[in-house]
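From first to last, the protein sequence lines stand for chains A, B and C.
For the first sequence, the working numbering gives the first residue as 214, with consecutive numbering after it.
For the second sequence, the working numbering gives the first residue as 626, with consecutive numbering after it.
For the third sequence, the working numbering gives the first residue as 7, with consecutive numbering after it.
So the structure is just underneath, and the comments pick up after that.
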Amino acid sequence: MATASDIFLEHADVVVAGSGAAGMRAAIAAHDAGANVVLLAKGPRRANHTRMSGGRYNVVSGLNPADGNDAFFRDTIDSGVGINNHELTRILVDEALARAYDLEEYGLAWDRTEADKYYMSMTGGGTYVRTLGSIDEGIGITEVMLHQMHKRGIRICDFHMLTDVIRDGGGCVAGGLVIDLSKGVWRFFSAPTVIIATGGTSQLYETSSGPTINTGDGIAIALRAGAELVDVEFMQFIPISFVYPQGARGYTLTEPAHYGPRHFDPNAEAAQLLNVKGERFVLKHDPLRKEGSTRDVLARAIMLEILEGRGTPEGGVYMVPDPAVFDAFLRERPIYVKRLLENYGEPQARLQAPIQVMPSALYTLGGVRIDRWCRTCVPGLLAAGEAAGGVHGANRLGGSSMPDIQVFGRRAGMAAADDAKAARAPGDAGLEQARARVAELTAPMQRADGVRPTEVKRRVQKLMWDHVGLVRTANRLEESLRAFTDLRENVMPRLKVTNKSRVLNREWMESLELANLLDLAQVMAATSIERKETRGAFYRTDFPETDPDWTANLWVRRESGRVLVEKHAVAGSATPATAEAARVAAAS
Amino acid sequence: MSTVASITVTAEIQRFDPSQDAEPRFESFEVSGLANMSVLDVVRSIYENQAGDLAFQFACRVGRCGTCAVRVNGRPVLACQERCKAQMRIEPLKPFPALRDLVVDRTEIESRLASFELAPLRNNAHPGQPELIAPDLAAKLCHMDSCLLCMVCVSACPAVEERPFDGPAFMLKLRHMAEHPADRRDRLDQALQGGMLECFNCDVCTQVCPADLSPAQAIRDFRRELFFGRGKEA
Amino acid sequence: MSAATLPRNTTRQSEGLLHGDIARWLHRVSGTVIVVFVLVHVIAQAVLHVPALASVKAGAPWLPAVQSQHWIHAALYFSIVFHTLYGLKLLLSELGMRVDYRISLWAIVAISALFGLREVLRYAGV
C-alpha cells in the first residue's frame with residue numbers, strides 16, 4: 214500500500230514550472246530544440262496571469278516611422294530609472310517583433326487599422342505610439358500557445374505543483390519534486406534542467422490584480438535552491454483597479470480608460486483623478502505630466518490620498534473619464550466595458566460617470582536573477598517571465614510584459630534544451646532528498662491542532678499591503694521583518710489542515726504556498742530596509758528622493774538559512790543610458 | 626459599499642470524494658455578507674470559515690480564466706461572475722467526472738481539443754511582416770479567440786446530453802480556425818466528425834455564454850457552408 | 007454621446023428562462039400534437055364514415071362531439087403554426103439569416119397563440 218513518502222519517479226530533459234506564456238513559450242522552444250519537455254501547471258492550465266492580461270504588446274514594428282529600437286530601449290531604461298539589466302532590456306527590445314510575428318503565426322490576430330497595418334496605441338511612460346493589441350487579450354495569447362503545445366504533443370500536467378528543485382551533490386539541478394493534487398501523489402521529475410516560469414508574487418498583497426495562484430512559488434523555490442534574486446524590493450502597483458464588489462477588488466481597469474485621449478495621442482490629457490473633496494491631487498505629485506504620469510507616481514499619489522483620509526468610504530478615489538473615448542474603448546477593450554457594466558453600472562461603462570478606483574499590486578518587478586539566456590547561478594536552473602528579474606528595473610512600462618514572456622520564455626527553452634543535451638542524466642540522484650522533503654511538507658496533515666493557513670496568509674497580506682507596499686518606511690519595514698520571522702519560526706511549525714487527504718487539498722496547498730510567501734516577504738522587507746531612497750515603484754517616506762548612489766541592484770541569496778543582501782552595479786550598461794546615470798558617471 | 630444591502634445565503638453544496646463516498650451528498654451552509662457577493666465569494670467564505678476540506682476551483686476571480694464553472698440551481702455559470710442567490714444549490718459542472726466536490730476532471734476536454742489541432746495549418750511560413758487580414762475579420766477572429774473554454778455551453782447544451790455531439794465550444798473553436806485566412810485544414814469535416822449536425826440550433830449556448838459568444842452561430846455558419854460550399858480558397 | 011450596444015451583463019445567468027429549452031420543448035410538443043392529431047383524425051374519420059366500422063361508431067356516440075372541442079382546435083392550430091414558423095426560423099437561420107433567438111421565439115409564440123385564440127373565439131361563437 215502506498216505511503217506518504219512513496220514517490221513516482223519520472224524523467225524529462227526539461228521541466229517547466231508554470232503554464233503562462235513564458236512557460237509555454239519555453240516548452241515550445243525546448244521541444245523544438247529536441248528536448249523531452251514536461252510542463253507543470255499548479256491548477257488547470259488556463260489558470261495563469263497571462264490569461265488575465267490585457268494582452269498589450271510593446272514592440273517597434275516599423276509602422277511608426279518616428280519610433281526605433283533605441284527609443285524603446287530608452288523608454289524602458291527611463292521607466293526603470295536606470296537600474297534595469299541593460300543587456301536584458303536590449304534583448305527585449307530587439308527580439309519583440311520576431312516574437313509578435315510568432316504569435317501571429319500561431320494564429321493570434323493582432324488588431325488592425327488596415328489589412329497590413331497593426332492598430333497601435335500609447336502606453337504610459339512611452340514616447341511613441343507602438344503598442345499592439347488584440348481584443349481577445351491574454352485569453353487569445355494563452356489559447357494559441359496551448360494549441361502549439363498540443364500540436365507538438367508536449368505533456369502538460371494540470372494540478373501539479375512544484376514544491377522544490379532538488380540538487381545533486383555537485384549543486385546541479387537533479388530534478389523537481391512535485392505534488393500531483395488531482396491524485397494526491399508525489400512525483401519526482403528527474404531532469405537536468407528546470408525552468409521557473411511560475412509568475413509573480415501579487416498574492417502577497419491584500420489587494421492585487423493577479424490570480425490566486427501567483428504566490429511566488431518559483432521565486433522562493435529558486436531562492437531555496439541557491440539562486441540569487443534581484444530587485445525584489447520593487448513591486449509594481451497599478452494605479453487604477455476596481456474597488457467593488459469584493460471579488461473584483463483590485464482587478465486592473467487598464468490604461469485606455471484612464472489615459473483616455475492620451476491613449477492615442479501623446480499630447481492629449483489623461484482622465485482626471487479626484488479625491489473625495491473633488492481635488493486633482495495628482496497635480497501636486499507631477500505638475501508636468503499630471504494624470505498622464507507613470508504608473509508608479511499615480512499609484513503612490515492615489516494611495517497617499519486614501520491613507521490620508523481623502524478617499525471614498527469604499528476605499529478609492531474618483532476617475533473622471535472622457536466619454537468621447539468610449540467608442541474606441543469599446544472597440545479595443547470590450548471585456549473591460551463589460552466588467553464596468555457588471556461591477557459598477559451602465560453610466561460608468563459608457564464612461565459617462567465617475568469611476569471609483571484604487572491601487573492594486575500587479576507585477577513583480579524583481580525576481581530570480583538571470584543572464585541573457587535565462588540561466589541562474591545554479592547549473593540547470595533557469596527562469597523566465599514575471600518570475601525573473603532585471604528586465605524592467607524600477608518600474609515596468611504597460612505592455613512590456615507580453616513581449617518579455619515571449620522573448621525570454623523562448624530563450625529559456627533554447628538554453629535549457631542545450632544544457633540538457635550537455636548534461637548527464639541525473640538518474641535518481643536527489644530522490645532521497647525528495648523523500649525527506651516530502652516528510653516535512655506533509656507535516657500539517659499530521660497535526661491535530663494548530664493554526665489554519667488562511668488566517669496566517671491574511672496576516673501576511675495585510676502586513677505587506679500596509680508596510681511593504683506602496684508606501685514604506687524604516688521602522689514599519691523592520692517591524693514587518695520581525696513579524697515575518699516570528700511567523701516563520703513560531704507559527705509555520707504549527708500549521709494544520711482540516712482534510713487529511715492529499716487530493717485537491719486546498720488548505721494544504723495554501724500551507725505550501727504560505728511558506729513561499731513568507732520566504733519572499735522576508736527578503737522583500739530586508740532589501741527594502743537596505744535601499745535608502747525612492748526610485749520608480751519603490752517609495753520610502755523617510756528617503757523620498759532618488760539617490761544616484763543607489764543606481765544599483767540588490768541581490769539576495771540564502772546561505773545556511775541566512776539571508777544575504779549585496780549591492781551590485783547595474784548589469785550590462787557599458788555606457789549610461791539615462792541622463793542621470795551619465796551625470797553620476799561623470800562625477801565619479 | 627454603503628448602499629449595498631446585506632444578504633444571508635443558504636447554500637447547498639455537493640460533496641463527493643470518489644475514493645471514499647459511494648455517492649454524492651449535499652451539505653448546507655449559511656453565509657452572511659453583501660448582496661453583491663458572487664457565488665465564488667460565498668464558496669470561499671464557506672471554505673475559510675466552515676468547511677476547510679471543501680474542494681473547489683478558481684484562479685482569476687474576474688471571469689478571465691474560465692476555470693471556476695459550476696452549476697447553480699441547475700444552471701451552469703462562472704462562479705466568480707454569478708451573483709449569489711438567497712437559496713443556492715451548487716453542484717459540479719455536468720457531464721464531466723468529478724475529481725472531488727466541485728472540481729471536475731478536464732482530461733477528456735483537453736484531449737478532445739488537442740485532437741482537433743486548432744493551430745492554423747499553414748501552406749507557407751510567416752511572411753516576416755504583418756499578415757494580410759482585413760480589420761473586421763481580425764476583430765471577428767479575436768472575438769472567437771476570447772472563448773474561455775469554460776465548458777458552460779457544453780454543460781448546458783441539450784444535444785450534448787441526448788446525442789453524440791462534442792459540444793458547442795468545440796464547434797466554435799473549429800469555426801475560429803475555419804475563418805482564419807491562413808488555415809488550410811478541412812474544419813467542416815472535423816465539425817461533422819464532432820457531431821455538428823446533432824445541434825438543435827436552440828441557442829441555449831448563446832444565452833449562457835459568459836463571454837458573449839455564439840457557438841450556435843458558428844454551427845449555423847458551418848451548416849451554411851455545407852449547403853453552399855465554402856468561400857475560402859482550398 | 008455613443009449609443010453603441012454594450013456587452014451583456016452576464017452576472018445573473020442562473021435566473022430567468024432558458025429560451026432555447028422552451029423553444030425546443032414547444033417544438034417537440036407541437037410536433038407530437040400534429041402527428042397524434044393526424045393519427046387520431048384518420049382513425050376517427052374511418053370510424054365515422056367507413057361502413058365496415060359501423061359497430062365501432064355505434065359504441066362511441068361521443069365521437070362526433072369530440073371533434074368540435076374548441077380546445078382541441080386551439081391546441082392543434084397553435085401547434086401547426088408554431089411548428090411551421092419555428093421550423094422556418096431554424097431553416098432560415100441556417101441559410102444565413104440573422105435571427106435573434108429571443109425575439110423570434112416570442113414573436114412566433116404570439117402569432118401561434120393568436121391562431122389558437124381565434125379557434126377558441128370561433129367555437130365560443132364570436
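We put the beta carbon where it would ideally sit given N, CA and C, even for glycine.
Should Ala309 of chain A and Gly598 of chain A be called a contact, given that it needs their Cβ atoms to be closer than 9 Å?
-> Counted from its first residue, the first sequence places residue 309 of chain A at position 96. Counted from its first residue, the first sequence places residue 598 of chain A at position 385. No; because the gap between Cβ atoms is not below 9 Å, this pair is not in contact.
Output the distance between the C-alpha atoms of Pro793 of chain B and Val829 of chain B, rounded to the nearest integer angstrom.
-> As a first step, residue 793 of chain B is located in the second sequence; it is residue number 168 there, counting from the start. As a first step, residue 829 of chain B is located in the second sequence; it is residue number 204 there, counting from the start. Straight-line Cα distance between these residues: approximately 10 Å.
Helix, strand or coil: which one does DSSP assign to Asp393 of chain A?
-> As a working mapping, residue 393 of chain A is identified with position 180 in the first sequence. Residue state, collapsed to three classes: strand.
For chain C, is any of its Cβ atoms less than 9 Å away from the one on Val668 of chain B?
-> What you label residue 668 of chain B is simply residue 43 of the second sequence in a count that begins at 1. Output row for Val668 of chain B: interface = no.
For Leu717 of chain A, I'd like the list of residues in its chain whose CB is within less than 6 Å of its CB, leaving aside the five on either flank, ordered along the chain.
-> Against the first sequence, residue 717 of chain A aligns to sequence position 504. Excluding residues within five positions, the ones whose Cβ falls inside 6 Å are Leu394.
From the beta carbon of Ser573 of chain A, is the nearest beta carbon of chain B less than 9 Å away?
-> Against the first sequence, residue 573 of chain A aligns to sequence position 360. Output row for Ser573 of chain A: interface = no.
When the cut-off is 9 Å and only beta carbons count, does Val12 of chain C lie next to chain A?
-> Translated into the one-based positions of the third sequence, residue 12 of chain C becomes position 6. Checking the sequence shown, residue 12 of chain C turns out to be Leu, not Val. Closer than 9 Å: yes.
Please list the segments of the alpha helix (DSSP H) lying wholly inside the stretch 268-293 of chain A, counting only runs of 4 or more residues, in order along the chain.
-> 282-292
Would the beta-carbon of Val783 of chain A fall within 9 Å of that of Leu777 of chain A?
-> Working through the first sequence from its first residue, we reach residue 783 of chain A at position 570. Working through the first sequence from its first residue, we reach residue 777 of chain A at position 564. Taking 9 Å as the Cβ cut-off, Val783 of chain A and Leu777 of chain A do not qualify as a contacting pair.
Sequence-distant residues of its chain with Cβ nearer than 6 Å to Leu250 of chain A (five each side left out) = Along the first sequence, read from residue 1 onward, the residue named residue 250 of chain A stands at position 37. Looking at the sequence provided, one finds Val at residue 250 of chain A rather than Leu. Excluding sequence neighbours, Val250 of chain A sits near Val227, Ala240, Ala243, His244 and Ile367.
CB contact flag (Phe401 of chain A, Ile568 of chain A, <9 Å) | The residue labelled residue 401 of chain A in the question sits at position 188 within the first sequence. The residue labelled residue 568 of chain A in the question sits at position 355 within the first sequence. It is not a contact, given that the beta carbons lie outside the stated cut-off.
If you measure from the beta carbon of Ser118 of chain C to each beta carbon in chain B, is any gap under 9 Å?
-> Here residue 118 of chain C refers to the residue found at position 112 of the third sequence. False, the Cβ-Cβ gap to chain B never drops below 9 Å.
In angstroms with no decimal places, state the Cα-to-Cα distance between Val591 of chain A and Glu772 of chain A.
-> Taking the first sequence and counting its residues from 1, one reaches residue 591 of chain A at position 378. Taking the first sequence and counting its residues from 1, one reaches residue 772 of chain A at position 559. Distance between the alpha carbons of Val591 of chain A and Glu772 of chain A: 13 Å.
Any idea what DSSP makes of Lys330 of chain A, helix, strand or coil?
-> One-based indexing of the first sequence puts residue 330 of chain A at position 117. Lys330 of chain A falls in the strand class under three-state DSSP.
Step through the CB atoms of chain A and report whether any lies within less than 9 Å of the CB of Leu773 of chain B.
-> Position 148 of the second sequence, counted from the start, is the residue given in the question as residue 773 of chain B. Chain A contact via Cβ: present.
Measure the CB-CB distance between Leu186 of chain A and Leu738 of chain B and report whether it falls below 9 Å.
-> Nothing in the structure corresponds to residue 186 of chain A, since chain A is present only between 214 and 801.
Give the C-beta separation of Ile515 of chain A and Thr263 of chain A to the nearest angstrom, bearing in mind that I take them to be a contact with Cβ-Cβ under 8 Å.
-> What you label residue 515 of chain A is simply residue 302 of the first sequence in a count that begins at 1. What you label residue 263 of chain A is simply residue 50 of the first sequence in a count that begins at 1. 26 Å between Cβ atoms; not a contact.
Taking the Cβ atom as the reference point for each residue, do Val664 of chain B and Glu707 of chain B lie within a distance shorter than 9 Å?
-> The sequence position of residue 664 of chain B within the second sequence is 39, counting from 1. The sequence position of residue 707 of chain B within the second sequence is 82, counting from 1. Cβ distance < 9 Å, so Val664 of chain B and Glu707 of chain B count as in contact.
With C-beta atoms as the reference, is Glu637 of chain B less than 9 Å away from Ile715 of chain B?
-> Within the second sequence, residue 637 of chain B is the residue found at index 12, counting from 1. Within the second sequence, residue 715 of chain B is the residue found at index 90, counting from 1. Cβ distance < 9 Å, so Glu637 of chain B and Ile715 of chain B count as in contact.
Since Val407 of chain A and Ala230 of chain A are thought to touch, with beta carbons under 8 Å apart, how far apart are those beta carbons, to the nearest angstrom?
-> Locating residue 407 of chain A in the first sequence gives position 194, where the first residue counts as 1. Locating residue 230 of chain A in the first sequence gives position 17, where the first residue counts as 1. Sure, about 7 Å apart at Cβ, within 8 Å.
For Pro70 of chain C, count neighbouring C-beta atoms within 10 Å of its own C-beta (all shown protein chains included) and say buried if the count is 16 or more, exposed if not.
-> By one-based count along the third sequence, residue 70 of chain C stands at place 64. Exposed, because fewer than 16 other Cβ atoms sit within 10 Å of the Cβ of Pro70 of chain C.
Proximity below 9 Å, CB of Leu252 of chain A to CB of Met362 of chain A | Within the first sequence, the letter at position 39 stands for residue 252 of chain A. Within the first sequence, the letter at position 149 stands for residue 362 of chain A. In contact: Leu252 of chain A and Met362 of chain A (Cβ atoms closer than 9 Å).
Same chain, Cβ closer than 7 Å to Asn712 of chain A, five either side skipped, listed in chain order = Stepping through the first sequence from its first residue, residue 712 of chain A is reached at position 499. Result list for Asn712 of chain A: Asn718 and Glu720, in chain order.
Could you list which residues in chain A have their beta carbon closer than 7 Å to that of Thr17 of chain C, in chain order?
-> As a working mapping, residue 17 of chain C is identified with position 11 in the third sequence. Under the 7 Å cutoff, chain A gives Glu555.
Would you report the Cα separation of Ala738 of chain A and Ala410 of chain A, rounded to the nearest angstrom?
-> Looking up residue 738 of chain A in the first sequence gives position 525. Looking up residue 410 of chain A in the first sequence gives position 197. C-alpha separation (whole angstroms): 23 Å.
Given a limit of 7 Å on CB to CB distance, which residues of the stretch 98-116 of chain C reach chain B?
-> Ser99, Glu100, Leu101, Gly102 and Tyr107
Straight-line CA distance for Trp825 of chain A to Gly429 of chain A?
-> In this structure chain A extends from 214 to 801, so residue 825 of chain A is not present and cannot be described.
Taking the continuous alpha helix (DSSP H) assigned at Gln815 of chain B, which residues delimit it?
-> The sequence position of residue 815 of chain B within the second sequence is 190, counting from 1. Here the alpha helix (DSSP H) through Gln815 of chain B covers Arg812 to Gln818.
Selection of the stretch 332-348 of chain A by Cβ proximity to chain B, strictly under 7 Å = Ser347 and Ile348
Going straight from the alpha carbon of Leu486 of chain A to that of Leu98 of chain C, what length do you get?
-> Locating residue 486 of chain A in the first sequence gives position 273, where the first residue counts as 1. Locating residue 98 of chain C in the third sequence gives position 92, where the first residue counts as 1. About 51 Å.
What does Arg719 of chain A pair with, by DSSP beta-bridge criteria?
-> Translated into positions along the first sequence, residue 719 of chain A becomes position 506. Paired residues: none, contrary to the question.
Since Asp329 of chain A meets chain B, which of its residues come closer than 9 Å, beta carbon to beta carbon?
-> Indexing the first sequence from 1 puts residue 329 of chain A at position 116. Within chain B, the residues near Asp329 of chain A are Gln754, Pro755, Glu756, Leu757 and Ile758.
Using 9 Å as the limit for Cβ to Cβ distance, is Ala636 of chain B near chain A?
-> Position 11 of the second sequence, counted from the first residue, corresponds to residue 636 of chain B. So, not an interface residue.
Spell out whether any CB of chain B is found under 9 Å from the CB atom of Ser36 of chain C.
-> Translated into positions along the third sequence, residue 36 of chain C becomes position 30. So no, Ser36 of chain C is outside the interface.
Which residues, in chain order, does the stretch 300-320 of chain A contribute to contact with chain B at a C-beta distance below 7 Å?
-> Tyr314, Glu317, Glu318, Tyr319 and Gly320
With 16 other Cβ atoms within 10 Å as the buried cut-off, status of Leu321 of chain A = Here residue 321 of chain A refers to the residue found at position 108 of the first sequence. Looking at its Cβ environment, which holds 16 or more other Cβ atoms inside 10 Å, Leu321 of chain A is buried.
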